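Counting from 1, position 18 in the sequence shown corresponds to residue 17 in numbering that gives the first Met the number 0; the numbering is continuous, with no gaps. For glycine and all other residues, C-beta sits at the position ideal for the given N, C-alpha and C. Because the structure is a prediction, the values reported are computed rather than measured. Report on the following structure.
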Amino acid sequence: MTSLSSQSGFQRILASIDLRREDVYICNVIKCRPPGNRDPLVSEIEACRPFLDRQIEIINPKLIVTLGRYSMARFFPNAKITRIHGQPKRIGNRICYPIFHPAAALHQPRWRSILEEDFLKIPEVLEEAERLTEAEPPVQAEQLSLF
């Protein structure tokens, strides 16, 4: 769940780039809240990984925007969010776009303008992702023989 000061805050952020909440699919790296709202353990992330992988497989998004370091680490395990935020990366037939988690801007105001800049680039990155999927040739099914 994306935690901002309020859900309407997230809706305002989406509206700033002409998206509505209904236009995006949000899921979490882990499927339960760690006790005391602490950071998730590696073992918890790994335990939930098959669920996240299946969600990605079912939704088959053109663009994955990772909010924060834990979701970023799913795709870029050795990277630092401070170094790769705002840089779209191709992964297979989709684009992954790591940005700071919106809660980071609430706790550390210095990240707010950076988060806003990265967020404002999402429409451009989405266009890039759409061009990428349009350029992919469709997979041709192979006719199997019965004998």
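Check each candidate in the options and name the one with the smallest Cα separation from residue i.
i, options, result
"MET71", "ARG20, LEU125 and HIS84", "HIS84"
"HIS100", "THR81, ASP22, GLY91 and ILE44", "THR81"
"PRO49", "LEU40, PRO33, VAL28 and ASN36", "VAL28"
"LEU51", "PRO33, PRO122, GLN107 and ARG73", "ARG73"
"GLN86", "ARG11, GLU123, SER7 and GLN10", "GLU123"
Whole angstroms is fine: what's the gap from residue i's alpha carbon to residue j's?
i, j, result
"ASP38", "GLU127", "33 Å"
"TRP110", "LYS88", "21 Å"
"ASN59", "GLU133", "14 Å"
"ARG19", "LEU125", "15 Å"
"SER42", "PRO33", "12 Å"
"LEU13", "ILE113", "16 Å"
Please state whether the Cβ-Cβ distance between residue i and residue j is less than 8 Å.
i, j, result
"LYS30", "GLU129", "no"
"LEU119", "ILE16", "yes"
"TYR69", "ILE44", "yes"
"GLY67", "ALA103", "yes"
List the whole-angstrom C-beta distance separating residue i from residue j, where the pair is believed to meet the contact cut-off of C-beta under 8 Å.
i, j, result
"THR65", "CYS95", "6 Å"
"ASP117", "ILE98", "4 Å"
"LEU131", "ASN92", "7 Å"
Three-state secondary structure (DSSP) at residue i?
i, result
"CYS95", "strand"
"ARG19", "coil"
"ARG89", "strand"
"LEU40", "coil"
"ILE55", "helix"
"ILE25", "coil"
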